[in-house]
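Contents: one structure, followed by commentary.
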Amino acid sequence: MSQLSTATLGLLPPRIRCPSYDRSKVKLGIVHLGIGAFHRAHQAVYADDMLERGDLRWGILGASLRSPETRDRLGPQNGLYTVALRGSDHTDYRIIGSVIRCMVGPEDPAALVEAMAQTDVKLVTLTVTEKGYCLDPGTGQLDESHTDIVHDLAHPSHPRSAPGFIVAALRLRHEYGLPPFTVLSCDNLPANGQKLRAVVIRLASLTDPVLGSFIAQHVAFPSSMVDRIVPQTTDEDRASVALALGLDDAWPVVTEPFTQWVIEDNFPEGRPDWGASGVELITEVAPYEAMKLRWLNGAHSMLAYLGSLAGHLTVAEAIVDPNLGPFIAAFMADDVTPTLTLPAHANGAAYCAALLERFRNTSLKHRLAQIASDSSQKIPQRFLGTARDRLGLGLPLGRLAYGIAGFIRYTGGRDAMGAPFVLNDPMAGTIRQRLASAGATPEAAIDAVLGLQSMFGTDLLTDPRFRLPVLQAYQKLGAKPGLWFD
Ligand code: CS2
469 MSQLSTATLG
479 LLPPRIRCPS
489 YDRSKVKLGI
499 VHLGIGAFHR
509 AHQAVYADDM
519 LERGDLRWGI
529 LGASLRSPET
539 RDRLGPQNGL
549 YTVALRGSDH
559 TDYRIIGSVI
569 RCMVGPEDPA
579 ALVEAMAQTD
589 VKLVTLTVTE
599 KGYCLDPGTG
609 QLDESHTDIV
619 HDLAHPSHPR
629 SAPGFIVAAL
639 RLRHEYGLPP
649 FTVLSCDNLP
659 ANGQKLRAVV
669 IRLASLTDPV
679 LGSFIAQHVA
689 FPSSMVDRIV
699 PQTTDEDRAS
709 VALALGLDDA
719 WPVVTEPFTQ
729 WVIEDNFPEG
739 RPDWGASGVE
749 LITEVAPYEA
759 MKLRWLNGAH
769 SMLAYLGSLA
779 GHLTVAEAIV
789 DPNLGPFIAA
799 FMADDVTPTL
809 TLPAHANGAA
819 YCAALLERFR
829 NTSLKHRLAQ
839 IASDSSQKIP
849 QRFLGTARDR
859 LGLGLPLGRL
869 AYGIAGFIRY
879 TGGRDAMGAP
889 FVLNDPMAGT
899 IRQRLASAGA
909 TPEAAIDAVL
919 GLQSMFGTDL
929 LTDPRFRLPV
939 LQAYQKLGAK
949 PGLWFD
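And the structure:
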């Protein structure tokens, strides 16, 4: 079978939507750091819409800061790839053309910095996951002992970290007399723009205080809330895409029909007309971030731990578990809701009902293990904001106790085949070591994990309104895995 590329586009069946714009005329207006599946199923689709509307300023240079895989797979396809939109009973396919060029940061960091300093680049967007911000998750400040940050301080023009690339490119633009770009975070962190701004300014100031204050005064870091469920692409997905296309696509993405993007409208250097594609451009993103992180991502993480412990593999399986499904719905409605201040006109009940429907989409094989990855970076914003707000309101910890206890059980636990759950987490080693040396009692196990200050801060371990329900939930989970939802 031939492979998808510019040369083979004409072979596609007519029902497959393809770029109709002239890709050779597209300018690179956006540099995206972290070109993974999520970016290609979300922001790159909005950019493709823009190009379709004839505004050719917003092509994407996609950079990987780690593996060369995306560049290597998309290269022979001239950057083209398929987005398969899987509804519960129907799949739509669309070929995306907005990724014009790919680079791999570690191969030649200076070349990526130089590319970010080109005149046409107006925007640098990021999906580098929570850990890519090199933050201390507890304090939200730059982790100055992070190995990549230590490296970037020593070699500022050959950076490794996302903040390091941004600082280096802003420095170069300044030297060239070019205006700065705007930096748009698209990761699941509350106040993601403010956090990134703080990290970038701090990193710049440590070596060059003048640059630090220039960035503080002149560079915009709008926050944004992104939402679309994008499971990791599997070989089975690649086979079904090939069947639909009649061409091989080495690097398709599979996602759901739903998509949402809410952006703080602060783009001094201009921006695409995203509003025409349904993006909400507003002044205050925080309420949208909170509802998405606490309802959607909170429920996702809860499903990841409790669903895995109950023997499920995917979100769609776990959510129809007759015990777990109602438990998650009640967690969203009763435990999270009182902590949220919703945006005007938002209907919380309808939002949660729609979320549960999205979780039930059996066409998406969204693996619980994918969601459980990087838990140490996710739990603070998914569970602990809700927990602190509940305690502050004088409310009990509620079902969150099971989420946190579930995480601890999952971390030390084994799957149905008796193998330890895969922990894909920068703190996995530390957590496992603490659990191993903690001693056998439930008290010792939970204290070992809750004592991790970079995740739990210093307030929660010593608060009996937090520690006690987590301990009880931990004991219940140990006694009756998967059957404790009564
Ligand atoms: C998920 C998110 O993997 C995870 O942790 O919770 O990637 C989630 O699917 C997206 O945030 C949905 O917008």
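So the mapping is simple: the numbering used here equals the position in the sequence shown, first residue as 1, plus 468. Just so you know, even glycine gets a beta-carbon here, dropped at the ideal spot from N, CA and C.
- Task: Measure the Cβ-Cβ separation of R935 and G853 and say whether it is below 8 Å.
- Result: If you number the sequence shown from 1, residue 935 lands on position 467. If you number the sequence shown from 1, residue 853 lands on position 385. Contact: no.
- Query: What are the boundary residues of the beta strand (DSSP E) that includes I563?
  - Reply: Within the sequence shown, numbered from 1, the residue matching residue 563 stands at position 95. Residues T559 to I564.
- Residue from Y644, L542, V551 and R639 whose Cα sits closest to the Cα of T965: With the chain represented from 469 up to 954, any question about residue 965 goes unanswered, as that position is not in the structure.
- Report the rounded CA-to-CA distance for E520 versus M895, giving the unit in angstroms. Mapped onto the sequence shown, residue 520 falls at position 52. Mapped onto the sequence shown, residue 895 falls at position 427. Going by the C-alpha atoms only, they are around 43 Å apart.
- Task: Could you give the DSSP three-state label for R569: helix, strand or coil?
- Result: In the sequence shown, the residue the question calls residue 569 occupies position 101. Strand.
- Query: Is there contact between the segment 834-851 and the segment 602-618, where contact requires at least three CB pairs shorter than 8 Å?
  - Reply: yes
- Under the assumption that S532 contacts I503 (Cβ atoms under 8 Å), give the Cβ distance between them as a whole number of angstroms. For the purposes of this step, residue 532 is taken as the residue at position 64 of the sequence shown. For the purposes of this step, residue 503 is taken as the residue at position 35 of the sequence shown. S532 to I503, Cβ: 6 Å. Contact.
- Message: Once the 5 residues before and after D954 are set aside, which same chain residues still bring their CB inside 7 Å of it?
- Response: For the purposes of this step, residue 954 is taken as the residue at position 486 of the sequence shown. With a pLDDT of 49 at D954, under the threshold of 50, the modelled position of this residue cannot be trusted; read the value that follows with caution. Closer than 7 Å at Cβ, skipping near neighbours: no residue.
- Message: Could you check if Q838 belongs to the surroundings of the ligand CS2, using beta carbon to heavy atom distance under 7 Å?
- Response: As a position in the sequence shown, residue 838 is number 370, starting the count at 1. Yes - the ligand CS2 has a heavy atom lying nearer than 7 Å to the Cβ of Q838.
- Message: Could you check whether the Cβ of K833 sits closer than 7 Å to any heavy atom belonging to the ligand CS2?
- Response: As a first step, residue 833 must be located in the sequence shown, where it is residue number 365. Not so, every heavy atom of the ligand CS2 lies at least 7 Å from the Cβ.
- Query: Counting Cβ pairs, one atom from each stretch, are 3 or more of them under 8 Å apart for the segment 823-840 and the segment 801-815?
  - Reply: no
- Grab me the residues of V687's own chain with a C-beta within less than 6 Å of its C-beta, minus the 5 sequence neighbours each way, in chain order. Counted from its first residue, the sequence shown places residue 687 at position 219. Hits under 6 Å: P648.
- Would a C-beta distance cut-off of 8 Å place L903 and A916 closer than the cut-off? Position 435 of the sequence shown, counted from the start, is the residue given in the question as residue 903. Position 448 of the sequence shown, counted from the start, is the residue given in the question as residue 916. Going by C-beta atoms, L903 is nearer than 8 Å to A916.
- Task: Any chance you could list the alpha helix (DSSP H) runs of at least 4 consecutive residues sitting entirely within the segment 648-716, in chain order?
- Result: Listed in chain order, the alpha helix (DSSP H) elements of length 4 or more contained wholly in the segment 648-716 are 660-675, 677-686 and 703-713.
- Message: Restricting to Cα atoms, I'd like to know which of P481, Q685, L529 and H510 is closest to V747.
- Response: Within the sequence shown, the letter at position 279 stands for residue 747. Ranking P481, Q685, L529 and H510 by CA distance to the CA of V747 puts H510 first.
- Measure how close the beta-carbons of P481 and G714 come, nearest whole angstrom, since I'm counting them as under 8 Å. As a first step, residue 481 is located in the sequence shown; it is residue number 13 there, counting from the start. As a first step, residue 714 is located in the sequence shown; it is residue number 246 there, counting from the start. Correct: roughly 6 Å between the Cβ atoms.
- Among the residues of its own chain, which have a CB less than 6 Å from the CB of Y870, if the five just before and after it don't count? Taking the first residue of the sequence shown as position 1, residue 870 is located at position 402. Around Y870: A941.
- Query: Measuring from the CB of R877, is there a heavy atom of the ligand CS2 at a distance below 7 Å?
  - Reply: Along the sequence shown, one-based indexing puts residue 877 at 409. Not so, every heavy atom of the ligand CS2 lies at least 7 Å from the Cβ.
- Message: By DSSP's criteria, H500 is part of a beta bridge. Which residues make up the other side?
- Response: In the sequence shown, the residue the question calls residue 500 occupies position 32. Its beta-bridge partners are G530 and T593.
- Message: I need the boundaries of the alpha helix (DSSP H) containing R826, first residue and last residue.
- Response: As a working note, residue 826 is residue 358 in the sequence shown. Unbroken alpha helix (DSSP H) run through R826: G816 to F827.
- Identify the continuous alpha helix (DSSP H) that holds E748 and give its terminal residues. By one-based count along the sequence shown, residue 748 stands at place 280. For E748, there is no enclosing alpha helix (DSSP H); the enclosing beta strand (DSSP E) covers residues E748 to I750.
- Message: Just checking L621 against the ligand CS2 - is the residue's beta carbon closer than 7 Å to any of the ligand's heavy atoms?
- Response: Locating residue 621 in the sequence shown gives position 153, where the first residue counts as 1. For the ligand CS2, not one heavy atom lies less than 7 Å from the Cβ of L621.
- Reference A908; option with closest CA among Q943, D883, P937 and L891: Looking up residue 908 in the sequence shown gives position 440. Among Q943, D883, P937 and L891, the Cα nearest to that of A908 is on Q943.
- Kindly indicate which three-state DSSP category P888 falls into: helix, strand or coil? Position 420 of the sequence shown holds residue 888. Three-state result, P888: strand.
- Item | Residue environment, S681, which counts as buried when at least 16 other CB atoms sit within 10 Å | Here the question's residue 681 lines up with position 213 in the sequence shown. With fewer than 16 other Cβ atoms within 10 Å, it is exposed.
- Message: Starting from I484, trace the beta strand (DSSP E) in both directions and tell me its first and last residue.
- Response: As a working note, residue 484 is residue 16 in the sequence shown. For I484, no beta strand (DSSP E) encloses it, and the DSSP letter there is neither H nor E.
- Should N892 be counted as a contact of the ligand CS2 given a C-beta to heavy atom distance under 7 Å? As a working mapping, residue 892 is identified with position 424 in the sequence shown. Taking 7 Å as the cut-off, the C-beta of N892 does not count as close to any heavy atom of the ligand CS2.
- Task: Give me the Cα-Cα distance between I484 and V721, rounded to the nearest whole angstrom.
- Result: By 1-based counting over the sequence shown, the position of residue 484 is 16. By 1-based counting over the sequence shown, the position of residue 721 is 253. So the alpha carbons of these two residues sit roughly 15 Å apart.
- Message: Quick check on the burial criterion: 16 or more other C-beta atoms within 10 angstroms. Buried or exposed for S470?
- Response: The residue you call residue 470 lines up with position 2 of the sequence shown. Answer is exposed; the Cβ neighbour count stays below 16.
- Query: Would G862 be called buried (16 or more neighbouring beta carbons within 10 Å of its own) or exposed?
  - Reply: Counting from 1 along the sequence shown, the entry for residue 862 is found at position 394. That one is exposed.
- Is R696 near the ligand CS2, judged by its Cβ being under 7 Å from some heavy atom? Sequence index remark: in the sequence shown, residue 696 carries index 228 (1-based). R696 Cβ: within cutoff of the ligand CS2.
- CB I697 to CB R826, shorter than 8 Å? Here residue 697 refers to the residue found at position 229 of the sequence shown. Here residue 826 refers to the residue found at position 358 of the sequence shown. Yes. Within cutoff.
- Task: Quick one: give me the first and last residue of the alpha helix (DSSP H) that Y601 is part of.
- Result: As a working mapping, residue 601 is identified with position 133 in the sequence shown. Here Y601 belongs to no alpha helix (DSSP H), and DSSP marks it neither H nor E.
- Fully enclosed by the segment 838-887, which alpha helix (DSSP H) runs are 4 residues long or longer? 843-847, 853-860 and 868-880
- Item | Residue interval of the alpha helix (DSSP H) (run including A801) | Here residue 801 refers to the residue found at position 333 of the sequence shown. Segment: none, A801 is in no alpha helix (DSSP H) and carries neither H nor E.
- Item | Segment contact flag, the segment 697-708 with the segment 490-498, C-beta cutoff 8 Å, min 3 pairs | no
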